[in-house]
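Following: one structure in structure tokens, then a few remarks.
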Amino acid sequence: MNQIKFRKFLSPILILLIWQTIAINGIVPTWFLPVPTEVMKTLFGMIMSGEVPHHTLISLGRAFSGYLLAAVVGILLGLLIAWSTIIEDFFDPLIELIRPLSTFALIPIFFLWFGIGNTSKILIIFKSCFFPIIINTIAGIKGVDAKLIMAAQSLGANGFQLWTRVLLPSAMPMIITGLRISTAIAMMALVGVEMLSSDSGLGFLVIDAQRTFDTERVFAGIGVLSIIGFSLDKLARYIQSKALSWHSETSLGGGM
Amino acid sequence: MIDATNISKVFNGRKDRKETLAISNLTMSVKRNEFVSIVGPSGCGKSTFLLMLAGLEKPTSGNLTIEGAPILGPGVQRSIVFQEYLLFPWRTVQGNIEFGPRLRKVSKDDCLADTRDFIELMGLTGFEHCYPHELSGGMQQRVAIARALANKPEVLLMDEPFGALDALTRESMQMELQKIWLQTQCTVLFVTHSISEAIFLSDRVVVMSKRPAIVKEELKIALDRPRQRDMHMTRQFREYEAYLKNIVWEEVN
Ligand SMILES: Nc1ncnc2c1ncn2[C@@H]1O[C@H](COP(=O)(O)OP(=O)(O)OP(=O)(O)O)[C@@H](O)[C@H]1O
Ligand SMILES: [Mg+2]
């Protein structure tokens, strides 16, 4: 167990060592590749000054708002679409047309309509998270074994009970997978939109440092983003394994 | 109690729209408290017939009644044990067994007390909190039987319930089923591929023809109740077995 843990740290440590050696010996200029220990010092300073917490909170607020909106609308609409073919036929063409469109293609329009403030940023995160969630919800419900529904019916389940006791729990692995995928997508969209137009947030922090060739700050910002992304993914996986402890596949991978 | 008259069932293939006549003009009836087994070649429509009795498939034509009333849909007085178990994977053994009673708002404590007998009867004690994927095929099948019994049905429809069990467990399950049946006085329709199992358990064995299925033969089994394991050796049992094997053999070839 301990040995496995150690092996997993080997490659990051090795890369940091090589990087440190290259950078400290001046093989490349530090504005091109800063010294890792200096980056950590800079990062520490930025945390202590409140700069990193400030931008992190703003970023997480945006990401969370867009994500939550996508989760609520995506799951509800997905359930409605899986429930009724009339609703499905109405929304299906819209979904098929907008889904393949790159989120970034919509940014100019969102800026035009909603301004460059928080609204369009949240809507862009919403757009990128919405489709994985709704598609997984629909597929989850439609993929429920028809015979399993029969089994529940013969035990006395009526229409509403079928939804709450069979369809939803049965589709839950797919729905939760959609939710988990979307946490990573939310972070990606967040950074993109904050880099394009913003005066706050971690994406802004990174792009602003790059404009002034302050490469240490660029790397510090990237480091923060990477840690947030990593933690969110771990958290999502943890929640997934807890929620689906009955599920043979996820419970195998659940042991963090 | 159950009367099927001139039942036929046509399935429409999904892709090629080719029609399959699974059952044609099947007529049979089952009396209250009777134990009837159905044997017949694979694919002849046995499962389809049970699904129709459960109210989960509709006959294409013909009349299907229970105590004179047509079967229009599922009803809790008819429980079915599916060939494929069909347990709810997100529910524990206990959760699966009490699925039916909980739907009818029976309290958790009452369910626990009610289902304890079935759990014990099926040899599932100690596994109440396991999930289906943690159980062997044979144990999953036993959960499925306990789940069907927990609804206290008048009619128990069983589709090859012991198919996944080893020979020894199978024999003891047959004894248990006989005990349950004698105790609960329910009516049982039992589909099996094993002719000796059919003879051992039943008051009557129905042989279906190959597709499209009709009733090929019906045989009353006049062995004493309760049946003992050594009855397999008796001359009468052997005669039943030889007779039925011949008929089924003709159908398969
Ligand atoms: N939902 C369905 N759609 C189309 N065809 C079906 C469907 N269900 C059953 N059939 C067909 O009807 C026939 C009878 O099937 P059924 O499952 O009732 O047979 P069975 O007697 O139970 O066979 P086995 O002993 O192998 O379980 C088969 O030819 C099968 O392909
Ligand atoms: Mg079958």
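Taken in sequence, the protein lines are chains A and B. First residue of the first sequence? That's -13 in the numbering used here, and the numbers climb one at a time after it. First residue of the second sequence? That's 25 in the numbering used here, and the numbers climb one at a time after it. Each residue gets a CB set at the ideal place from its N, CA and C atoms; glycine is no exception.
3-residue-minimum beta strand (DSSP E) runs that sit fully inside the region 96 to 165 of chain B, ordered along the chain: 102 to 105
Cα-Cα separation, A/ASP185 to A/MET26: 24 Å
Where B/ARG115 falls, given that 16 or more other Cβ within 10 Å makes a residue buried: buried
Sequence-distant residues of the same chain with beta carbon closer than 8 Å to B/THR9, five excluded per side: There is no way to answer for residue 9 of chain B, as the model of chain B reaches only from 25 to 277.
Per-residue contacts from A/PRO155 into chain B (C-beta, under 7 Å): TRP114
Minimum Cβ-Cβ distance from A/MET242 to chain B less than 9 Å: With a pLDDT of 30 at A/MET242, under the threshold of 50, the modelled position of that residue is not reliable, and the figure given next carries that caveat. With 9 Å as the cut-off, A/MET242 does not count as an interface residue toward chain B.
Contacts that B/ARG128 makes with chain A (C-beta to C-beta distance below 7 Å): GLY142
Three or more C-beta pairs below 8 Å linking the region 155 to 166 of chain B and the region 105 to 119 of chain B: yes
Bridge-paired residues (DSSP) for B/ILE31: B/LEU50
Straight-line gap, A/ILE(-1) to A/LYS(-9) (C-alpha atoms, nearest Å): 13 Å
Segment contact flag, the region 205 to 224 of chain B with the region 130 to 149 of chain B, C-beta cutoff 8 Å, min 3 pairs: no
Contact set for A/GLU24: own chain, Cβ-Cβ below 7 Å, skip 5 residues either direction: GLU202
Residues of its chain near B/MET52, where Cβ-Cβ distance is below 7 Å and the 5 sequence neighbours each way are ignored: ALA28, VAL230, VAL239
is_contact[A/SER186, chain B] using C-beta, thresh 9 Å: no
Any chain A beta carbon closer than 9 Å to B/ARG102: yes
Within 6 Å of ligand 2: residues by beta-carbon to any heavy atom: B/LYS70, B/SER71, B/GLN107, B/ASP183
Contact with chain B by A/GLY239, beta-carbon distance below 9 Å: The predicted position of A/GLY239 is uncertain, since its pLDDT is 37 and thus under 50; a value taken from the coordinates is nonetheless stated next. So no, A/GLY239 is outside the interface.
Whole runs of the beta strand (DSSP E) within the region 208 to 262 of chain B, excluding any shorter than 3 residues: 211 to 215, 228 to 232, 239 to 244
Same chain, Cβ closer than 6 Å to A/MET242, five either side skipped, listed in chain order: At A/MET242 the pLDDT is 30, less than 50, meaning the model places this residue with poor confidence; the figure from the coordinates comes in the next sentence. Hits under 6 Å: none found.
With 16 other Cβ atoms within 10 Å as the buried cut-off, status of A/LEU221: exposed
Near ligand 1: B/ARG235 beta-carbon under 8 Å from a heavy atom: yes
Between the CA atoms of B/ASN30 and B/LEU86 - distance to the nearest angstrom: For the sequence presented, residue 86 of chain B should be read as Gly rather than Leu. The alpha-carbon atoms of B/GLY86 and B/ASN30 are separated by roughly 5 Å.
Backbone secondary structure at B/MET25 - three-state DSSP: coil
DSSP three-state assignment for A/ASP219, whether helix, strand or coil: helix
For A/GLY241, three-class secondary structure by DSSP: Bear in mind that a pLDDT of 33 at A/GLY241, under 50, signals an unreliable position, so the number given afterwards is only what the model happens to contain. In the structure shown, A/GLY241 sits in coil (DSSP, three-state: anything other than H, G, I, E or B).
Chain B contact for A/LYS133 (CB, 9 Å cutoff): yes
Cutoff 9 Å: B/ALA172 Cβ touching any chain A Cβ: yes
Where B/ALA188 sits in the DSSP three-state scheme: coil
A/ALA68 vs A/ILE1 beta-carbon contact at 9 Å: no
B/PHE73 beta carbon near ligand 1 (any heavy atom closer than 8 Å): yes
Span of the alpha helix (DSSP H) around A/ILE33: 22 to 34
Check: B/THR84 C-beta below 8 Å from any heavy atom of ligand 4: With respect to ligand 4, the structure offers nothing, as its ligand set consists of ligand 1 and ligand 2.
Closer than 8 Å: B/ALA188 CB and nearest ligand 1 heavy atom: no
Any non-hydrogen atom of ligand 1 within 8 Å of B/GLY92 CB: no
Spatial distance of A/SER237 from A/PHE97 (CA atoms): With a pLDDT of 39 at A/SER237, under the threshold of 50, the predicted position of this residue should be treated as unreliable, though the coordinate-derived value follows. Computed Cα separation, rounded: 43 Å.
Span of the beta strand (DSSP E) around B/ASP183: 179 to 183
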